[in-house]
Each structure stands twice: as C-alpha cells, then as structure tokens.
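First comes the structure, then the notes that go with it.
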Amino acid sequence: MIGFERPSRAGHRESSRLIVFILAVVCAPMTAFSASASDDPASSCASVGTDDRVRPITAGLVAPAIRLFGMQGQSDEARSMQESTVYRCMRSAVWLCNHGANLTCAKADTRLSIPSVTAFCQQNPNEAFVPMVVTGHDVNHSWGCVRGQARVKETEELDERGFIADQWKRLAP
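In this text, residue positions in the sequence shown follow the working numbering: the first is 1, and each later residue adds one.
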C-alpha cells in the first residue's frame, strides 16, 4: 500500500483559491463580452470587430429590425421579430438575419458533394430541382439532377465570413 499525506486544510484552501483565480482569469473575457453584447450589441460589435457567433437579438434591436426587414404593420410584429431574428458582429457593425420559415442564418454549407443529394439524384435521375429537405437549408448551392448525377445549378454569394450574403443586413449605426 502506498501511503500519501493528506494536504492540510490551509493547503487545500490555497489550491481552491488558485483554481478559482485561474477560472476567473480565463472566463472573464467571455463573460464581459456576453454581458456587454446583451446590453448593447452596437458597442460590443464596435469593440470586438468581427465575431461569427450568431445570437438572438436584444429587445433594443427589435424596432430597428422591424424597420430593416420591412415588417411594420404586421400583427404581433415585435414578438415575431424577436423570435426569428439573430445578429452577429462583422467589421465592427451589427448584422441582422431574419430566418423566417427556412433560413438558418448560419455559415453556409459549401460542399460540392452532398451524400443525400447524390442519393436523391440516383433515385430521381432527371429532377430539375433538389428540395431543401434533401440538401439542407444552409447550403449556398441549388441543385438539380442530370442523368442521375447531382449538378450545382446556381450558387449564392457568401460574405467574407462564409455566411450567405443576401440573408444578412447591416444595421445602420
């Protein structure tokens, strides 16, 4: 049996304090950004520059989002906008995306070969359009089938961070 000495209570307290200190130093920057982002996304984006994390909009962004996406006058517009709009920081500005019924507002899937599309085209060899239920909603390509082979028909432009450009709108300062 190998013996060991149990650390003294004082040593245990010092170890605990050291662990708490290290966690505080490591987590503080993340907490600071999260707290400031929830309070004022414009200020946070101005200071952070670019951050690809997509977040729900804050209450303060609801009215500007309604104007930006032209949703004025629609019933329950504020609740709907709050539930369906996200933001991220790019080039020190707030960018908004309203995902509505089928946009993901995520980085695009740019693959030129998708197994589910390949399988669909093998079963539907001359289908002009491959539905999003097969491709996924985050693709930047529209697909068709030619003699059983999957073919890219059109490609949506991406912004410099890899998001589908026309899904995101810059919020004016």
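Note that CB positions come from ideal geometry on N, CA and C, so glycine has one too.
Excluding the 5 residues flanking it on each side, G100 has same chain C-beta neighbours closer than 8 Å at S84, in chain order. Sequence-distant Cβ neighbours of S142 in its own chain, meaning closer than 6 Å and more than five residues away, are K153 and E154.
Assignment of beta-bridge partners to Q72 by DSSP yields no partner. When only Cα atoms are considered, A65 and D51 end up about 19 Å apart.
Under the DSSP assignment, P56 falls in the beta strand (DSSP E) whose first and last residues are D51 to P56. Contact check between the segment 88-96 and the segment 107-124: fewer than three CB pairs, one atom from each, fall below 8 Å, which does not count as touching. Rounded to whole angstroms, M90 and Q74 show a C-alpha spacing of 29 Å.
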